[in-house]
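These notes are about the structure you will find just below.
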Amino acid sequence: MSGASEMTHAWPAGSWLPRPTPPPATRGLRLLVAGLTGQVGQGLLEACAALGEDAPEIVALVRRRPRAAHLMGPAVVRQLVGEVTAPGWGLTESDLERLGEIDAVLNLAGATDWTASHALLDKVNVLGAVNGLEVAQGLGARLGRTVPYLSASSVFVAGLGDGSVVEDLLSPDTDRTPYELSKWTSERALIARARRTGHPVLVARVGGVVGNSATGRTTRRSSLYQLVSRREEDSALRVLPAQRGARVDTLPRDVIGESLLRLVGHGRGDGFTGWRSGVIAQVAAGERAPTLAALLAQLEGMDAGSRYHVPRLVPASRGVLQTVTRVGTRYVRWSRQAGNRLHGLRYVTVNRVFERGRFAALTGGWLPAVPLETTLRITFDLAEQRPAEPVADLPLGRFQ
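Its first residue numbered 94, the sequence shown is counted upward by one per residue in this note's numbering.
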């Protein structure tokens, strides 16, 4: 649920080219989607725009009022005003009549202010997700067929858990912030309902989100950017406690959007049987995620303008990280901005790999992959380094 203005950086053409793979099989689909104004939602719209005629039609659930058509993109064919925290997403009987055919429901809405109250986080992230499943089931009853449901979660439901993070429900015995707990609770609620009813439900755990892979456009800067930027001198860290081998798992938002479309497109091919009774798939860089040490070393080499203060890494155990973030987030009153930065430490300082086996199985073997240099340029808004062009021979008569 983000209405923030977007920041843009014009990346040179060809700075990153995706692998030549067939497009997602989404042509002709009609999707009801909530949360299109947030980072992940914007990424979905960008992925749709890149597909052109192969893109699905999108019916957008928007809060309070419709948005200008040029802000939503060509894939959006209709906007309905609703509210994810309301029963049935606040859709009226008239709205449902006008919906027509819907092939799948996607919930990309969520409260992402890590300092927000338990009540707000649960209202949006838990209730909104469960209401979305009820919308999908209700539409299925009206249409006389099953309407599958995809709900975005976060890989950071793992809390400070390290090692290999599986694509399954996670145990309750770990340290979680209110935000992480709200996402963890919503996952359990959705999977429990799916197992009880057999409804096709996919919980898409999304990793860290950075700007568009081609333009750098973003609605918000990552916590790592804020921690090292000289623009944030008061909060820039000189020392950063982290586990040895800690990884930074991020993907550009349009790549995440494409990932979601591939999940839907591949699911369409087998009638979404792979989603039956509820599954979890992790939309992340996984084993390809760079280590924090490698990322910062590369940043230091690319940051010719000295715009960033690269902190010194200090080895820390999981227990130390737990203590630092627990004390900092529970017993100290921070501003919203500072509090979110402190929470962000949890997402770049843990040595873990988010498994992607089920995601690959649900996309026909496709996995997102982005070069480290591209990730750095997007995350830290670095200009492309162009090779020096040869200078043509010039007549020297005027100097003689």
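No residue lacks a Cβ here, since even glycine has one placed at the ideal position from N, Cα and C.
Rounded to the nearest whole angstrom, the C-alpha separation of G457 and L320 is 38 angstroms. Within the model, the alpha-carbon separation for Y318 versus M395 is close to 14 angstroms. If you check the CB distance, Q375 and E280 do not come in under 7 angstroms. Looking at the DSSP output, P293 sits in a beta bridge with R369.
Under the DSSP assignment, G233 falls in the alpha helix (DSSP H) whose first and last residues are G221 to L236. The C-alpha of N200 is placed about 20 angstroms away from the C-alpha of R238. Proximity of the segment 190-198 to the segment 249-267 falls short of the contact definition, fewer than three beta-carbon pairs being nearer than 8 angstroms.
When A339, I373 and E176 are compared, the shortest CA-CA separation from L220 is found for E176. In the DSSP secondary-structure assignment, A335 is bridged to P408.
Taking a C-beta distance under 7 angstroms as the contact criterion, V174 and V198 do not qualify as a contact pair. The shortest CA-to-CA distance from P404 to any of V240, V332 and Q415 is the one to V332.
In this structure, the CA atom of S370 is about 8 angstroms from the CA atom of R286. Short of 6 angstroms from the beta carbon of P461, and not among the five residues preceding or following it, lie these beta carbons of its own chain, in chain order: L344, V348 and S352.
In the three-state reduction of the DSSP assignment, P271 falls in the helix class, which pools H, G and I. For R445, the enclosing beta strand (DSSP E) stretches over residues R445 to F447. Distance between Q135 and G350, taken at the CA atoms: about 8 angstroms.
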